[in-house]
Structures are given as structure tokens and as C-alpha cells.
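Novice: Structure in C-alpha cells, see below.
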Amino acid sequence: MRSILSLPFIFALLSSPVGAQRPVKVFISADMEGITGVVTDQQLGPAGFEYQRFREFMTAEVLAAIEGAREAGATQFVVADAHGNGQNLLIERLPRDVTVIRSWPRPLGMMQGIDSTFAAAIFIGYHASTTNPAGVRAHTFSSATLAGVALNDTDVPEGGVNAAIAGHYGVPVVMVSGDDAAVEEVRRVVGQIEGAIVKRNISFHSAATMTPETGQQYIRERARAAVANRARYRPYRLTAPVRLDLTFKNYRPAELLAYLPNVERTTAHGVRFVGRDIVEVSRFLQFVNGYSADLSP
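Residue numbers for the sequence shown follow the numbering used here, so the first one is 10 and each next one is one higher.
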């Protein structure tokens, strides 16, 4: 009896590796205010006397998350440098197979590089929102200009916006590190994911903190557990269309943005933008936070 299997089909079966699996891709969004030991602007920008040291600690915490995730089966990583000028991570310290997203502007902001091929997202060094009375260095995207950010009538931290972007692509957030207020806020949005609380807020500029080495070890442990248990977590999805409400600290931004035909002025300090989805909302947010008429080149 003649076989129904063609020779090319048999060859393909024989040549395919047994038990071959799709890569387990993990996306890491790294901010800095929630890094172990950070309490003031002296750790957060090039002018600060401790910035260079804390760039090293930030890089070490990202490395710890990568190592923990890899121990749980992760095989590919994209890391978004999502603080300040987007050029904080010491990229030569990262493994050779890691892709790093640096600098601005970028349409997905702190989540640039994510897509539907990722198995999980991890937030490192996150902080609480501008509407939270607790939290070290609490703000939402711009401490200088924004007094509130809401999606579909719910106040959200940066982690909430970023979780919604991940959810748009079907990717669950599985872990967040930062101070206690930051971890609580992200969990309030996405559920009881793994949290690495590396410091406890005392005030806007004060915290009871772990040492960097202890924080890094803790992050590694939580990342390992988060990725190992990633099937437990569900993507955070927003109902479309997505309403974005921004409250500014000054009148003028709200006044000028309302000149745009797709922006409604809702209060003296507030505007509303309605996007088809969170990706469109993210692009608008990047415009609001990044545009200036004197931009060059």
C-alpha cells in the first residue's frame, strides 16, 4: 500500500527538533524613582551628585529581573529605558542577547518595543501617581506639568497606562518593583501580581529602604516567581474607545490643546481626548509631553 505521506513532509518531521517550543519573550520597562535607595533628585539626573552610582543600581536591578526571568524559562528580552532622557541604563552591563530601547520620542512611551509576541511584562523601579498623597517622588509622566491622568474615568499611575498598552497586545504584567505605594497602585489596576517592595515611603523625599544588594536579590526572586507563574495572570484591557483625561497644573496647556479639533476642554485645567484604543491615546500623551515649537533638529 502506497504511503500517503510525501517525502518532503517526512523530511520536515525528521529534521524538526523534538519538543521545539516558541521563545518565551519578556518585556521590561525600567523607571528610576522606584529603584532601591532613590529618594531625591540627587539620584535621578546627570546633575545629581549620586546619579552615576544609581545608574549602576538601576542597571543591576534590570539585570536581576532578567536573571530571575531566565531562571524561570524566559529566552528573549527587550528592555525599555523609561526614565528621564531614556539614556540611564549602562547598556554594556546587559547580556549580549538583550535589545534596549533608548531615548525619545517614541509612540508607546515607556512601553516601546512591546508587541503580541511577548509572554509577560515586568515593571522595574516604578513610582506612585501624582494624585497619591503617599509615595517617593510620586508623579505621573511629568512632575512639572500634570496634576492628574485618568483612563475611562479612573485615575491611573504610569503603571496603569503601561499595563493597558501591554494588555492591548494581549500581554499580562506579572511583576512590579518600587516603593510600597507604587506596588499597591499597580496591583489595584491589574490585580495581585508579584511585587518587590524595595523601600517604604515616609514622605515625598524620604524612605526606609533596603540596601541595593538586598533589593536586587529580592527582585530576582520575584521575577523568577512571576515568569514561572505567568499563566495565572491576565492582560489588563480597556474598553474602547478609550477616554483620556489630563489635568494640568497651569491653565495655558489646557487652553492651547483645546484648539485641536479632537480635544475637549473639560475644566480650566483639564482636557479630554478620546482614542480608538490605548495605542492612539499613548501617541497623544507622547505629543502632549514632548512637543515644543522650538524642537530641533
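For each residue, glycine too, the CB sits at the ideal point set by N, CA and C.
1) Counting only the same chain and skipping the five closest in sequence on each side, list residues whose C-beta sits under 6 Å from that of L195.
2) Please state if the CB of A89 and the CB of M119 are separated by a distance shorter than 8 Å.
3) R115: buried (16+ other C-beta within 10 angstroms of its C-beta) or exposed?
4) When you measure from the CB of A159 to every non-hydrogen atom of the ligand PLP, does any distance come out below 7 Å?
5) Going by DSSP, which residues form a beta bridge with R281?
6) State the start and end residues of the unbroken alpha helix (DSSP H) segment that holds R241.
7) Report the rounded CA-to-CA distance for G299 versus L155, giving the unit in angstroms.
8) Just verifying my parser: in three-state terms, what is the DSSP assignment at G43?
9) Alpha carbon to alpha carbon, how far is A137 from E76? Give it in angstroms, no decimals.
10) Taking only runs of the alpha helix (DSSP H) that begin and end inside the region 170 to 243, which ones reach a length of at least 4 residues, in chain order?
11) To which residues of the same chain is P250 closer than 7 Å at the C-beta, ignoring the five residues directly before and after it?
12) Would you identify the three-state DSSP class for L160, choosing helix, strand or coil?
Specialist: Reading from the atomic positions:
1) In the sequence on display, residue 195 carries Val and not Leu. Spatial neighbours of V195 in its own chain (CB-CB distance under 6 Å, excluding positions within 5 residues in sequence) are listed in chain order as G168 and V185.
2) Contact: yes.
3) Of the other Cβ atoms in all chains shown, 16 or more fall within 10 Å of the Cβ of R115; this residue is therefore buried.
4) The ligand PLP is not part of this structure, which contains no ligands at all.
5) Looking at the DSSP output, R281 shares a beta bridge with D254 and E273.
6) Looking at the DSSP string, R241 is not in any alpha helix (DSSP H), and its letter there is neither H nor E.
7) Roughly 13 Å separates the two Cα atoms.
8) It is coil, neither helix nor strand.
9) Computed Cα separation, rounded: 26 Å.
10) Listed in chain order, the complete alpha helix (DSSP H) runs (minimum 4 residues) inside the region 170 to 243 are 189 to 199 and 221 to 237.
11) Same-chain partners within the cutoff: V283, G284 and R285.
12) Residue state, collapsed to three classes: strand.
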